[in-house]
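**Student:** To convert, note that position 233 of the sequence shown is 233 in our numbering; the numbers rise steadily by one, no gaps.
Glycine included, C-beta positions come from ideal geometry on N, C-alpha and C.
Bear in mind that the values here come from a model prediction, so they are computed numbers and not experimental data.
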Amino acid sequence: MQYDVLDRIREQYKGMSKGHKKIASFILEHYDQAVFMTAARLGDALRISESTVVRFAAGIGYRGYPEFQRALEECVQNKLSSVQKIDAKYGHSTQSEILTSVLTADMEKLQHTIQHLDAAAFETAVDTILGADHIYIMGLRSNAPLAEFLHFYLNMIRGNVVLLKTTSVSETFEQMIRIDERDCFVGISFPRYSMRTLKAMEFANDRNAKVIAITDTIHSPMNLYSSCNLLARSDMVSIVDSLVAPLSVINALVVAMCLKCPQEVKRNLDLLEQTWNNYQVYLNDEINFIDDEPILNYSLRKEES
């Protein structure tokens with residue numbers, strides 16, 4: 001794995017001053033804009049001094065801002081060239097060949113995850129989630145479906161599960177303002193990593209909550225504030241991220257928790273099913289088969305009879 005300027009920023013982020021964290025956050029989220037900015041312009045955009053920007057560059061190991069900017073340019077060029085590599089790999093393939101290639105790559109990611117996932121960390125995550133008073137889950141952008149999947153099934157297994165869905169850091173903090181040492185925070189993030197998720201994990205860690213990271217490598221910035229790391233391989237094989245392995249890890253978490261407390265899960269599911277039946281929740285938006293005939297438009301058919 002190539003180690004670039006963004007990796008260097010992520011690695012040193014935890015120990016940075018408040019001003020340097022502000023610069024780091026902007027660059028990690030908007031490196032495609034920052035690459036064209038002088039130190040003075042970047043300082044103006046963030047309302048900090050030019051000298052602070054220069055000290056930031058020196059603080060992460062560069063001889064000055066020009067050297068830092070060149071490293072950032074190289075990083076952006078490498079990321080842009082990855083799209084060209086994808087085109088070179090799949091550009092002349094048939095649809096069938098693309099299907100086989102992508103599915104094979106996903107299987108390889110699953111196998112890699114099986115071989116490298118820390119079993120002790122997995123067990124700790126299961127016990128932590130089951131034992132916490134409240135669970136806060138956060139995954140943004142392409143990671144949002146993973147967070148929603150985990151939230152959906154955790155909500156069936158146990159109560160007090162909060163899915164953080166916001167467009168700003170301040171809204172995130174408002175939703176988790178009561179988090180404390182009795183609670184658990186699950187942060188899900190894969191490249192491009194989310195600074196909002198990272199800041200939420202930092203806040204949870206500062207409040208002594210137990211923090212679990214579901215991310216891709218030991219170099220991920222999500223590991224900075226977590227005490228339990230579940231690593232799942234997630235390389236970009238096309239113009240979208242592959243989330244097959246992370247989803248499988250989350251699925252395994254849900255199954256393990258169900259087996260850990262089967263009676264409680266059964267009670268919750270029985271109550272949920274009874275509620276569905278009492279209020280006819282699924283009669284209008286799902287298809288059931290009785291005598292090999294689907295029930296469609298239940299209310300209309302009932303009136304006709």
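Start and end of the alpha helix (DSSP H) containing Met201?
**Tutor:** In the sequence shown, residue 201 corresponds to position 201, counting from 1. First-last of the alpha helix (DSSP H) with Met201: Met195 to Asp206.
**Student:** Could you tell me which of Cys228, Cys261 and Ala45 sits nearest to Ile218, measuring between CA atoms?
**Tutor:** Start at 1 with the first residue of the sequence shown, and residue 218 comes out as number 218. Closest by alpha carbon: Cys228.
**Student:** Determine the direct distance from the alpha carbon of Glu73 to that of Phe36, and round the result to whole angstroms.
**Tutor:** One-based indexing of the sequence shown puts residue 36 at position 36. One-based indexing of the sequence shown puts residue 73 at position 73. Spanning the two alpha carbons is a distance of roughly 8 Å.
**Student:** Could you tell me the boundaries of the beta strand (DSSP E) in which Asn223 lies?
**Tutor:** On the sequence shown, residue 223 is found 223 positions in, with the first residue counted as 1. No beta strand (DSSP E) contains Asn223, which DSSP labels as neither H nor E.
**Student:** With a cut-off of 8 Å, do at least 3 Cβ pairs link the segment 167-179 to the segment 147-158?
**Tutor:** Not touching, per the Cβ criterion.
**Student:** Please go through the same chain and pick out, in chain order, the residues whose beta-carbon is closer than 7 Å to the beta-carbon of Val53, but skip the five residues on each side of it.
**Tutor:** By 1-based counting over the sequence shown, the position of residue 53 is 53. Closer than 7 Å at Cβ, skipping near neighbours: Ile23, Ala39, Leu42, Gly43 and Tyr65.
**Student:** Alpha carbon to alpha carbon, how far is Asp309 from Asn223?
**Tutor:** Residue 309 falls outside the range modelled here, since the chain spans only 1 to 305, and no answer is possible.
**Student:** In whole angstroms, what is the alpha-carbon distance linking Arg8 and Arg192?
**Tutor:** Against the sequence shown, residue 8 aligns to sequence position 8. Against the sequence shown, residue 192 aligns to sequence position 192. For Arg8 and Arg192, the distance between alpha carbons rounds to 15 Å.
**Student:** Using only CA atoms, which one of Thr128, Tyr62, Ile157 and Ala132 lies nearest to Leu6?
**Tutor:** For the purposes of this step, residue 6 is taken as residue 6 along the sequence shown, with counting starting at 1. Minimum Cα distance to Leu6 is reached at Tyr62.
**Student:** For Leu272, does the count of other Cβ atoms within 10 angstroms reach 16, so buried, or fall short, so exposed?
**Tutor:** As a first step, residue 272 must be located in the sequence shown, where it is residue number 272. Leu272 comes out exposed.
**Student:** What's the C-alpha gap between Ala57 and Glu29?
**Tutor:** By one-based count along the sequence shown, residue 57 stands at place 57. By one-based count along the sequence shown, residue 29 stands at place 29. Rounded to the nearest angstrom, the two C-alpha atoms are 17 Å apart.
**Student:** What does DSSP give as the partner residues of Leu259 in its beta bridges?
**Tutor:** For the purposes of this step, residue 259 is taken as residue 259 along the sequence shown, with counting starting at 1. Its beta-bridge partners do not exist; DSSP assigns none.
**Student:** Going by DSSP in three states, Leu117 sits in which element: helix, strand or coil?
**Tutor:** Taking the first residue of the sequence shown as position 1, residue 117 is located at position 117. If DSSP states are grouped into helix, strand and coil, Leu117 belongs with coil.
**Student:** Starting from the Cα of Arg182, find the closest Cα among Asp4, Ile48, Ala209 and His20 and give me that residue.
**Tutor:** Within the sequence shown, residue 182 is the residue found at index 182, counting from 1. Looking at the Cα atoms, Ala209 is the closest of the given residues.
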